[in-house]
Amino acid sequence: MSIHIRGVSKSFGTFKALDNVSLDVPQGTLLALLGPSGSGKTTLLRIIAGLEWPDSGRIEEDGEDITDRHARQREVGFVFQHYALFRHMSVFENIAFGLRVRKAPKQEVEAKVNELLHLVRLDGLGARKPAQLSGGQRQRVALARALAIRPKILLLDEPFGALDAKVRVELRQWLRRLHDEIGMTSVFVTHDQEEAFELADEVVVMNHGRIEQRGTPEEVFEHPATPFVMDFLGNVNVFHGRVEKGQAFWHGIPIDYPDYPHSQARPARVYLRPHELDIARAAAEQPGGNAATAAAVTGSLPASVLRIARSGAISRVSCRPDGSDTELHVDLPTDTARDLSLQPGERVTITPRKVRVFLPDPEYVI
Amino acid sequence: MSKPTITSAHPLTHGLLVAAATGIVGLLIVVPLASVFAEAFAEGPAAWWRALAHDPDTRHAIWLSLTVAPLAVAINTVFGVATAWLVSRFRFPGRSLLITLCDVPFSVSPVVAGLALVLIFGRQGLLGPTLESLGWKVIFSWPGLVLATTFVTLPLVVRELIPVMEAIGPEEELAAVSLGASGWQVFTRVTLPNIRWALLHGIVLANARAMGEFGAVYVVSGHIAGATDTMPLRVEKLFQEYRTPASMAVASVLAGLALITLVAKVVIERRLEAEARELEAARSLPDTLDTTPLDTGFSTATKGLTS
């Protein structure tokens, strides 16, 4: 079932949780709502589920307006952040709940629940109480309970937020496979970009109650639409530069920027991802040579190494570009870093393979 | 969990404090209570039974107490659950005022409460004449007793429920709704089982208070033997009439009820503590228990879900 959200707004007192949000979720998509806390992603999820009413705007399922439909009639499976399992009920009764309130025949309930217990790999644990389960097991009970009512849409609020790292990764892959098997339209909320990128077909980045960008994980990662998305995806070097006549300049290095053809120079922000920079040991400096001119010619920047940190497969080299106070980080495969064997204090040149330039928001321009 | 103890106290100080505390509890609680039973059974169980069962006015007082108290407790249970749910699930203007007002009966003297009821429902009162023309007599009758008893026990259930419902939170109820449960199904299958021990605790306390209520009931009842006397009023009347053994017999019934309440209270409080621990356990996640392999036999399991 497809979901269409049309111009939904929602405020809590003076706090604007959602500001005229429109979003289409095609049938069978696994979509991630990614954003910091307070960005409105959970509110949007709860509005789709009918657990929260929008102040304005419509929600449609397959073209049918369901804005005024009560949560209990929406046929939506909802997995809560802290699972919200019924504490006094056994795992079996938790999963059976949706069928029992629908007055399903006893044998049917039993067969269905056992099937779901098997699906979530909890065979034989039906008699346990939620308190006797691990976090990952509780998560799967919550999922089975939501699936028991044969929902048309599956909504998950920070599904892996409360789990430890190892269980999280395992459950994530499992959920992706489950989605591929069932093909149910699913939306999940997360603040973890890694989770969103690994799991989702499409990622919607939200901020301040608005959608900043929507796209496949590749699109969002390779072509961040706004400075917020770039910042939120994190792990990036940010520098101040300027643009004029179709070119941006970063430490004297020109970067094509055809969006700004005007001759009047404007400040701009330059974003460089650590893994999109090349680093090389600087050739011995020629006497009397001008570093800045050399940089402009070769498109690379002279810098000195501050330190090298190794974390698993990736090593991070921190440098200070000449004439700058801001540190610049370069990520290298650890093997490459070992071969290069740079030492703190050494002179290097840094060549960006890819640079992104953002002008400040137009509203700040006088 | 072991509680911290002060080890630096001088043995003499320590001993004196223990003696003082035990002495006060013994002198003020154990001795008087024991003497009530001693007095009541001074002439043997047969005389005790005669005093209770063979006096029609005493019989009526016991019956009246056993009617009025459950009625008042029932009213308070419905009111308490509804109010606690409202207060713990919604934020609205006047919410804290409502919570504060629920506590008024704790701070107002029961006699004042009784007088207030007389002012409203009495013959010269605000609503009295209207009700009387409809054939309803409130003051000097059992409805007045129920009202007075309800008033003085009002905070007991609601006060017990608010913190528990706040701690549990609305998530389970929302989950039930999203699974298709109706309002009544959510209440009976999710809310009620979650609050049952707190509710029972409130009911037991309210019942004990209702059975023993004297001041408010004294004012509204008119103290009519065989008509509006409840057990505490009957104890006082028999005592005034110098029928001490009969008075003590009724008093021993009240004291016995208090002891039963005490036991019930202890049992329920243990359950409540266990539930609070469970709630805490449910919020913390012991992931080390998780050893289930996740990646086998997938496609067979998902059959039937692709409707």
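Protein chains in written order, with the numbering used here: chain A, 1380 to 1745; chain B, 6 to 312.
A virtual CB, placed ideally from N, CA and C, is assigned to each residue, including glycine.
From a predicted model like this one, the values you see are computed outputs, not experimental measurements.
Exercise. Count the other C-beta atoms from every protein chain shown that fall within 10 angstroms of the C-beta of asparagine 1669 (chain A), then say buried if there are 16 or more, exposed otherwise.
Key: Here residue 1669 (chain A) refers to the residue found at position 290 of the first sequence. With a pLDDT of 47 at asparagine 1669 (chain A), under the threshold of 50, the predicted position of this residue should be treated as unreliable, though the coordinate-derived value follows. Its Cβ having fewer than 16 others within 10 Å, asparagine 1669 (chain A) is exposed.
Quiz item: So which of A:Gly1505, A:Val1455, A:Gly1613 has the shortest CA-CA distance to isoleucine 1474 (chain A)?
Solution: The sequence position of residue 1474 (chain A) within the first sequence is 95, counting from 1. Nearest C-alpha to isoleucine 1474 (chain A): A:Gly1505.
Quiz prompt | The alpha helix (DSSP H) enclosing phenylalanine 1618 (chain A), as first and last residue numbers | solution = The residue you call residue 1618 (chain A) lines up with position 239 of the first sequence. For phenylalanine 1618 (chain A), there is no enclosing alpha helix (DSSP H); the enclosing beta strand (DSSP E) covers residues 1616-1623.
Quiz item: In chain order, which alpha helix (DSSP H) runs of at least 4 residues are fully inside the stretch 1690-1734 of chain A?
Solution: Correct list: 1713-1719.
Quiz item: Tell me which same chain residues have a C-beta within less than 6 Å of the C-beta of arginine 42 (chain B), skipping the five on either side of it?
Solution: Counting from 1 along the second sequence, the entry for residue 42 (chain B) is found at position 37. Correcting the residue type first, residue 42 (chain B) is phenylalanine in the shown sequence and not arginine. So the list reads Ser257, once near-sequence residues are dropped.
Quiz item: Taking only beta-carbon atoms, is glutamate 1503 (chain A) less than 8 Å away from chain B?
Solution: Taking the first sequence and counting its residues from 1, the one referred to as residue 1503 (chain A) is at position 124. Before going on, a small fix: residue 1503 (chain A) reads as glycine here, not glutamate. The beta-carbon of glycine 1503 (chain A) is placed no less than 8 Å from the nearest beta-carbon of chain B.
Practice problem: Please confirm if the stretch 1558-1568 of chain A is in contact with the stretch 1414-1430 of chain A, defined as three or more CB-CB distances below 8 Å between the two stretches. | Solution: Contact between the stretch 1558-1568 of chain A and the stretch 1414-1430 of chain A is established, with three or more Cβ pairs separated by less than 8 Å.
Exercise. Would you kindly report the start and end of the unbroken beta strand (DSSP E) that includes threonine 1569 (chain A)?
Key: If you number the first sequence from 1, residue 1569 (chain A) lands on position 190. 1564-1569 is the extent of the beta strand (DSSP E) around threonine 1569 (chain A).
Quiz item: What residues in its chain sit with their C-beta under 6 Å from that of glutamate 137 (chain B), if we drop five residues either side in the sequence?
Solution: On the second sequence, residue 137 (chain B) is found 132 positions in, with the first residue counted as 1. Result list for glutamate 137 (chain B): empty, nothing under 6 Å.
Self-check item: C-beta neighbour in chain A for valine 169 (chain B), strict 8 Å
Solution: Counting from 1 along the second sequence, the entry for residue 169 (chain B) is found at position 164. So, not an interface residue.
Practice problem: Determine the extent of the beta strand (DSSP E) in which serine 1390 (chain A) is found, giving its start and end residues. | Solution: Taking the first residue of the first sequence as position 1, residue 1390 (chain A) is located at position 11. For serine 1390 (chain A), the enclosing beta strand (DSSP E) covers residues 1382-1391.
Self-check item: Contacts of glutamate 218 (chain B) in chain A (Cβ-Cβ under 9 Å)
Solution: By 1-based counting over the second sequence, the position of residue 218 (chain B) is 213. Ordered by position in chain A, no residue passes the 9 Å Cβ test against glutamate 218 (chain B), which lies about 34 Å from the chain.
Quiz item: So, helix, strand or coil for tyrosine 1650 (chain A), using DSSP?
Solution: On the first sequence, residue 1650 (chain A) is found 271 positions in, with the first residue counted as 1. Here tyrosine 1650 (chain A) carries a strand assignment [DSSP, helix/strand/coil].
Exercise. Give the secondary structure of aspartate 1559 (chain A) by DSSP, where H, G and I count as helix, E and B as strand, and everything else as coil.
Key: Residue numbering aside, residue 1559 (chain A) sits at position 180 when the first sequence is read from its first letter. Helix.
Self-check item: Chain-ordered residues of the stretch 1464-1498 of chain A with a beta carbon less than 7 Å from chain B
Solution: Under the 7 Å Cβ criterion, the stretch 1464-1498 of chain A contributes Phe1465, Arg1466, His1467, Phe1476, Gly1477, Val1480, Arg1481, Glu1494, His1497, Leu1498.
Quiz item: If contact means a Cβ-Cβ distance below 8 Å, which residues of the stretch 172-201 of chain B contact chain A?
Solution: Listed in chain order, the positions of the stretch 172-201 of chain B with a beta carbon within less than 8 Å of a beta carbon of chain A are Glu176, Glu177, Leu179, Ala180, Ala181, Val182, Ser183, Leu184, Gly185, Ala186, Ser187, Gln190, Arg194, Val195, Pro198, Asn199.
Quiz item: With respect to the alpha helix (DSSP H) encompassing serine 101 (chain B), which residues constitute its N-terminal and C-terminal limits?
Solution: In the second sequence, the residue the question calls residue 101 (chain B) occupies position 96. Note, serine 101 (chain B): alpha helix (DSSP H), 100-107.
Exercise. List the endpoints of the continuous alpha helix (DSSP H) containing valine 36 (chain B).
Key: Sequence index remark: in the second sequence, residue 36 (chain B) carries index 31 (1-based). Here the alpha helix (DSSP H) through valine 36 (chain B) covers 36-45.
Quiz item: Between the stretch 205-225 of chain B and the stretch 259-271 of chain B, are three or more C-beta pairs nearer than 8 Å?
Solution: Contact between the stretch 205-225 of chain B and the stretch 259-271 of chain B is present, because at least three Cβ pairs lie under 8 Å.
Self-check item: Neighbourhood of threonine 154 (chain B) by C-beta distance below 6 Å, restricted to the same chain and skipping five residues each side
Solution: Taking the second sequence and counting its residues from 1, one reaches residue 154 (chain B) at position 149. Taken in chain order, the residues that qualify are Val73, Ala77, Ala215, Glu218.
Quiz item: Cβ atoms of valine 1387 (chain A) and serine 183 (chain B): under 8 Å apart, would you say?
Solution: By one-based count along the second sequence, residue 183 (chain B) stands at place 178. By one-based count along the first sequence, residue 1387 (chain A) stands at place 8. Taking 8 Å as the Cβ cut-off, serine 183 (chain B) and valine 1387 (chain A) do not qualify as a contacting pair.
Exercise. Pick helix, strand or coil for histidine 15 (chain B), following the three-state DSSP scheme.
Key: Indexing the second sequence from 1 puts residue 15 (chain B) at position 10. Shown here, histidine 15 (chain B) sits in coil according to DSSP, grouped into three states, outside any helix or strand.
Quiz item: Distance, Cα to Cα, isoleucine 1634 (chain A) vs proline 1415 (chain A)?
Solution: Taking the first sequence and counting its residues from 1, the one referred to as residue 1634 (chain A) is at position 255. Taking the first sequence and counting its residues from 1, the one referred to as residue 1415 (chain A) is at position 36. When only Cα atoms are considered, isoleucine 1634 (chain A) and proline 1415 (chain A) end up about 31 Å apart.
Self-check item: C-beta contact flag for alanine 1411 (chain A) and leucine 1534 (chain A) at 8 Å
Solution: Counting from 1 along the first sequence, the entry for residue 1411 (chain A) is found at position 32. Counting from 1 along the first sequence, the entry for residue 1534 (chain A) is found at position 155. For alanine 1411 (chain A) and leucine 1534 (chain A), no; Cβs fall outside 8 Å.
Quiz item: Which residues, in order along the stretch 1442-1462 of chain A, keep a beta-carbon less than 7 Å from a beta-carbon of chain B?
Solution: Answer in chain order: Ala1450, Arg1451, Val1455, Phe1457, Phe1459, His1461.
Quiz item: Is asparagine 1473 (chain A) near the ligand ADP, with its Cβ less than 7 Å from a heavy atom?
Solution: Absence of the ligand ADP from the depicted structure is noted, as is the absence of any ligand whatsoever, leaving it without description.
Quiz item: chain D beta carbons: is any one of them nearer than 8 Å to that of leucine 1430 (chain A)?
Solution: Although the question refers to chain D, the structure presented lacks it and instead comprises the protein chains A and B.
Practice problem: Alpha carbon to alpha carbon, how far is valine 1492 (chain A) from serine 1381 (chain A)? Give it in angstroms, no decimals. | Solution: Along the first sequence, one-based indexing puts residue 1381 (chain A) at 2. Along the first sequence, one-based indexing puts residue 1492 (chain A) at 113. Put simply, the backbone Cα of serine 1381 (chain A) is about 27 Å away from that of valine 1492 (chain A).
Quiz item: Based on Cα-Cα distance, which residue from A:His1461, A:Glu1560, A:Ala1544 lies nearest to arginine 1519 (chain A)?
Solution: In the first sequence, counting from the first residue as 1, residue 1519 (chain A) sits at position 140. The shortest CA-to-CA distance from arginine 1519 (chain A) to any of A:His1461, A:Glu1560, A:Ala1544 is the one to A:His1461.
Quiz prompt | Per-residue DSSP class, three states only, for lysine 1395 (chain A) | solution = Position 16 of the first sequence holds residue 1395 (chain A). Reduced to three states, the DSSP call for lysine 1395 (chain A) is strand.
Quiz item: Can you name the residues of chain B whose CB is closer than 8 Å to the CB of arginine 1524 (chain A)?
Solution: By 1-based counting over the first sequence, the position of residue 1524 (chain A) is 145. The answer, in chain order, is Ala180, Leu184.
Self-check item: glutamate 1537 (chain A) versus serine 1720 (chain A): straight-line alpha-carbon distance, rounded
Solution: The residue given as residue 1537 (chain A) occupies position 158 in the first sequence. The residue given as residue 1720 (chain A) occupies position 341 in the first sequence. When rounded, the distance between both Cα atoms is 42 Å.
Practice problem: Check the DSSP bridge columns for arginine 1645 (chain A) and list the partner residues they point to. | Solution: Here residue 1645 (chain A) refers to the residue found at position 266 when the first sequence is read from its first residue. The partner list for arginine 1645 (chain A) (beta bridge, DSSP) reads A:Val1622.
Quiz prompt | Under the three-state DSSP convention, the category methionine 216 (chain B) falls into | solution = Counting from 1 along the second sequence, the entry for residue 216 (chain B) is found at position 211. Methionine 216 (chain B) falls in the helix class under three-state DSSP.
Quiz prompt | 6 Å CB neighbourhood of alanine 45 (chain B) in its chain, flanking five on each side removed | solution = If you number the second sequence from 1, residue 45 (chain B) lands on position 40. Within its own chain, the residues whose Cβ lies closer than 6 Å to the Cβ of alanine 45 (chain B), once the five positions on either side in sequence are excluded, are Trp53, Met253, Ala254, Ser257, listed in chain order.
Quiz item: Going by beta carbon distance, what residues of the same chain come within less than 8 Å of alanine 1450 (chain A), once the five residues before and after it are set aside?
Solution: Residue mapping note: residue 1450 (chain A) aligns to position 71 of the first sequence, counting from 1. Non-local C-beta neighbours of alanine 1450 (chain A) in its own chain, meaning closer than 8 Å and more than five positions away in sequence, comprise Ala1428, Gly1429, Leu1430, ordered along the chain.
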